[in-house]
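Q: Sequence order for the protein chains is X and F. Per my numbering, the very first residue in the first sequence carries number 346; after that it's consecutive. Per my numbering, the very first residue in the second sequence carries number 4; after that it's consecutive. Just passing along the structure, written as structure tokens.
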Amino acid sequence: MTARVGGVITSVALVAFAGIYVRALMFTPIERFQGPAQKIFYVHAPMAWAALLAFAVTGILSLLYLIMRDRKLDTIAAASAEVGVAFAVVMLTTGPLWGKPVWGTWWSWDARLTSTLFIFLLFVGYQVLRGALHDPEIRARFAAVMGVMALVLVPFIHVTVYWFRTLHPEPVLMKPERPSLPGVMLVTLLSSVAVCTLLYVGFLLMRYSLAVLRDIREEEIVDGVS
Amino acid sequence: MSSAATLQAIIAIAGKDLLVERRTKTAFLSSIVFAILVLTILYFARDKTAVGDLDLAPGALWVTFTFAGMLGLNRAFVLERENRAMDGVRLTPATPTAIFLGKVVGNLVFVGTVELVSLPVFILFYDVPIWRELPLLMLVIALATAGFVSVGTLFAAMVVRTRFSEVMLPVLMLPFLFPPVVAAVQLTRGILALRPLSEYSGWLSLLAGFVIIFFTFSLFLFEAILEE
């Protein structure tokens, strides 16, 4: 049931996402300073939002798991982390593609960039830890500990990179202050954010139902009913 | 458990770990040799005409300390894995808090000793004018070490249950070392350059905040790691 709902939501979101790009390419004006490269912004920023949303959900559910010890919370947290990592990969690949023509460099140690890279690596670590533990009960507990620790770490990383940059300002390639978006672009961006959030929900439901099936299968193997 | 009994348990656990270490000395000697090797390699891993000793020194010191420290952290729980010794520790009346604190104290002594031995080597190799500011540098080293040992003890207790725990520990831990190491490097840079403390006191508060928050979280979360 969850899988079917997830599938429907995902399909709707994917169609809408294609629609967003038709709108972005055909009906949204080209940005004066950044040129056509700016079009990637409509996938980059919403993906970043969805990835951070996914990681925040994992962190909060991890904390709740440690308090309530409900297996369902762990399964959703894991599914959310996985979807978040996928979205973060899109964010981290579209970023440099935009950065090269606009900043003149593929990568810059800008504060936001560095924090998101670390958050991405943290949750890759979360997945690696899950993969290395076989007992589902231990896996849930350890992953929840990792999730809570990650949630606490994020503000520290942010302060660190921010101070580092303010103490040593980057000389040439600072990100320019983004001008406030004209209405047409803002509508495209906001609808893309909405679609990406929907896509997140769809993926999450599908991953969740897959994880439930996998858990049932694992238990069957443990009980010797395979 | 009364606080006197808790203290006794902490001392007993730290004492037993350090006794095992004192009898074999394997981990200790390898960490020292490792630290000296890293300091040497980092000294040569640059263009000496472009990067001066003083520019390189703070980063080199902290990369060495954290990597050498990480070698030691794994040891504390790998010891308990053999013959399921951890079950024995859990059967004692010691609370999870006491076990965690015992392990942290043991690790602090271990990592602290490695640092105390490699610090003179660092001063010698990098020829840094450090003597006048030594107490301040010691404070920074103590804070950063306390921070990464608390987090490291928690993670070491987790990864010991996985295969490839030697690889897993750095992967999980390095993001958590980022704030304390960057702060420690900035502080060390200021101290070595004999800058007034007010210029970098922000980093000192960040480091202290990290230690307090992560020590507290590690202490409370350790209970969830230990239960069976």
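The beta carbon of each residue, even a glycine, is placed where N, CA and C say it ideally should be.
(1) Would E515/X be called buried (16 or more neighbouring beta carbons within 10 Å of its own) or exposed?
(2) Between the beta-carbon of I102/F and the beta-carbon of E118/F, is there less than 8 Å?
(3) In whole angstroms, what separates the C-alpha of V497/X from that of V170/F?
(4) Could you name the residues of the same chain whose beta carbon sits closer than 8 Å to that of T191/F, not counting the 5 residues immediately before and after it, in chain order?
(5) Are L76/F and A159/F touching if we call contact CB-CB under 8 Å?
(6) Can you give me the Cβ contacts of P524/X inside the same chain, cut-off strictly under 7 Å, excluding the 5 residues immediately before and after it?
(7) Going by C-alpha to C-alpha distance, which of L224/F, K19/F and L207/F sits closest to V112/F?
(8) Compare the beta carbon distance of V124/F and I14/F with 8 Å and say whether it is the shorter of the two.
(9) Listed from N- to C-terminal order along the chain, which residues in the region 185-218 of chain F have their beta-carbon within a distance smaller than 9 Å of any beta-carbon of chain X?
(10) Which same chain residues end up closer than 6 Å to A426/X when comparing Cβ atoms and leaving out the 5 residues on each side of it in sequence?
(11) Please go through the same chain and pick out, in chain order, the residues whose beta-carbon is closer than 6 Å to the beta-carbon of T9/F, but skip the five residues on each side of it.
(12) Which residue spans inside the region 99-184 of chain F form an unbroken alpha helix (DSSP H) run of at least 4?
(13) What residues of chain X sit near I44/F, judged by a beta carbon separation below 7 Å?
(14) Determine, for A477/X, whether the minimum Cβ-Cβ distance to residues of chain F falls below 8 Å.
(15) My understanding is that V529/X touches T373/X, with C-beta atoms under 8 Å, so please give their C-beta distance in whole angstroms.
(16) Between which two residues does the alpha helix (DSSP H) containing N77/F stretch?
(17) Quick check on the DSSP output: the alpha helix (DSSP H) that includes G444/X runs from which residue to which?
(18) Does the count of Cβ pairs from the region 399-417 of chain X and the region 487-497 of chain X closer than 8 Å reach three?
(19) By the 10 Å Cβ neighbour count, where 16 or more other Cβ atoms means buried, how is S201/F classified, buried or exposed?
(20) Nearest to G109/F by alpha carbon, out of L127/F, R87/F, G72/F and P138/F?
(21) Can you name the residues of chain F whose CB is closer than 8 Å to the CB of T505/X?
(22) So, does the CB of L175/F fall closer than 8 Å to a CB anywhere in chain X?
(23) Consider the Cβ of A53/F: report whether some Cβ of chain X lies at a distance smaller than 8 Å.
(24) Run through chain X and tell me which residues come within less than 8 Å of M161/F, C-beta to C-beta.
(25) Find the residues of chain X that neighbour R166/F, judging by a C-beta separation of less than 7 Å, and give them in chain order.
(26) Between the C-alpha atoms of I464/X and A395/X, what's the straight-line distance to the nearest angstrom?
(27) Between W508/X and chain F, is the shortest Cβ-Cβ distance under 8 Å, so that the two count as touching?
(28) Taking only the alpha-carbon atoms, compute the straight-line gap between L462/X and F80/F and give it to the nearest angstrom.
(29) Smallest Cα separation from L544/X: which of S356/X, T450/X, M346/X and T347/X?
(30) Would you identify the three-state DSSP class for G569/X, choosing helix, strand or coil?
(31) Spell out whether any CB of chain X is found under 8 Å from the CB atom of F37/F.
(32) Would you say L57/F faces chain X, with C-beta separation under 8 Å as the test?
A: By the coordinates alone:
(1) For the purposes of this step, residue 515/X is taken as the residue at position 170 of the first sequence. Only weak support exists for where E515/X lies, its pLDDT of 46 falling under 50; the coordinates are left without a value.
(2) On the second sequence, residue 102/F is found 99 positions in, with the first residue counted as 1. On the second sequence, residue 118/F is found 115 positions in, with the first residue counted as 1. No, they are not a contact pair.
(3) In the first sequence, residue 497/X corresponds to position 152, counting from 1. In the second sequence, residue 170/F corresponds to position 167, counting from 1. Their backbone Cα atoms lie some 23 Å apart in a straight line.
(4) One-based indexing of the second sequence puts residue 191/F at position 188. Annotation for T191/F: A60, P61, L64, W65, L140 and V143 place their beta carbon closer than 8 Å to its own, counting only its chain and skipping 5 residues before and after.
(5) As a first step, residue 76/F is located in the second sequence; it is residue number 73 there, counting from the start. As a first step, residue 159/F is located in the second sequence; it is residue number 156 there, counting from the start. The Cβ atoms of L76/F and A159/F lie closer than 8 Å to each other.
(6) To locate residue 524/X, count along the first sequence from 1; it is residue 179. Per-residue confidence for P524/X stands at a pLDDT of 48, beneath the threshold of 50, marking its modelled position as unreliable; no derived number is given.
(7) Counting from one through the second sequence, the residue named residue 112/F turns up at place 109. When each option's Cα is compared against that of V112/F, the closest is K19/F.
(8) If you number the second sequence from 1, residue 124/F lands on position 121. If you number the second sequence from 1, residue 14/F lands on position 11. No, these two residues do not count as a Cβ contact at 8 Å.
(9) Listed by position, the residues of the region 185-218 of chain F near chain X (Cβ gap below 9 Å) are V185, A186, Q189, Y203, G205, W206, L209, G212, F213, I216 and F217.
(10) Walking along the first sequence from the start, residue 426/X turns up at place 81. Sequence-distant Cβ neighbours of A426/X in its own chain, meaning closer than 6 Å and more than five residues away, are T403, F468 and Y471.
(11) Within the second sequence, residue 9/F is the residue found at index 6, counting from 1. Cβ within range, chain order: A101.
(12) If we require 4 residues or more, the alpha helix (DSSP H) runs fully inside the region 99-184 of chain F come out as 99-129 and 137-162.
(13) Position 41 of the second sequence holds residue 44/F. Correct list: empty, because the minimum Cβ distance to chain X is about 24 Å.
(14) Here residue 477/X refers to the residue found at position 132 when the first sequence is read from its first residue. So, interface residue.
(15) Here residue 529/X is taken as the residue at index 184 of the first sequence, counted from 1. Here residue 373/X is taken as the residue at index 28 of the first sequence, counted from 1. Right, the Cβ-Cβ distance comes to about 5 Å (below 8 Å), so this counts as a contact.
(16) To locate residue 77/F, count along the second sequence from 1; it is residue 74. Boundaries of the alpha helix (DSSP H) around N77/F: D56 to R84.
(17) The residue labelled residue 444/X in the question sits at position 99 within the first sequence. That run of the alpha helix (DSSP H) goes R416 to W448.
(18) With contact defined as three or more Cβ pairs closer than 8 Å, the region 399-417 of chain X and the region 487-497 of chain X are in contact.
(19) Residue 201/F sits at position 198 when you count from the first residue of the second sequence. Classification for S201/F: exposed.
(20) For the purposes of this step, residue 109/F is taken as the residue at position 106 of the second sequence. The candidate whose alpha carbon is nearest that of G109/F is G72/F.
(21) Residue mapping note: residue 505/X aligns to position 160 of the first sequence, counting from 1. Taking a Cβ-Cβ threshold of 8 Å, the residues of chain F close to T505/X are F181, P182, V185, A186 and L209, in chain order.
(22) Your numbering for residue 175/F matches position 172 in the second sequence. Yes, L175/F lies at the interface with chain X (some Cβ there is under 8 Å from its Cβ).
(23) Taking the second sequence and counting its residues from 1, the one referred to as residue 53/F is at position 50. Not one beta carbon of chain X lies nearer than 8 Å to the beta carbon of A53/F.
(24) The residue given as residue 161/F occupies position 158 in the second sequence. Near M161/F (Cβ distances below 8 Å), the residues of chain X are L474, F487, V490 and M491.
(25) Within the second sequence, the letter at position 163 stands for residue 166/F. Correct list: A477.
(26) Counting from 1 along the first sequence, the entry for residue 464/X is found at position 119. Counting from 1 along the first sequence, the entry for residue 395/X is found at position 50. I464/X and A395/X: Cα-Cα distance of roughly 13 Å.
(27) By 1-based counting over the first sequence, the position of residue 508/X is 163. Chain F contact via Cβ: present.
(28) In the first sequence, counting from the first residue as 1, residue 462/X sits at position 117. In the second sequence, counting from the first residue as 1, residue 80/F sits at position 77. Answer to the nearest angstrom: the Cα atoms are 30 Å apart.
(29) On the first sequence, position 199 is the one that residue 544/X refers to. Cα-wise, what sits closest to L544/X is S356/X.
(30) Locating residue 569/X in the first sequence gives position 224, where the first residue counts as 1. When secondary structure is reduced to three states using DSSP, G569/X falls in the coil class, being assigned neither helix nor strand.
(31) On the second sequence, position 34 is the one that residue 37/F refers to. Not an interface residue.
(32) As a working mapping, residue 57/F is identified with position 54 in the second sequence. By the rule that beta-carbons nearer than 8 Å mark a contact, L57/F does not touch chain X.
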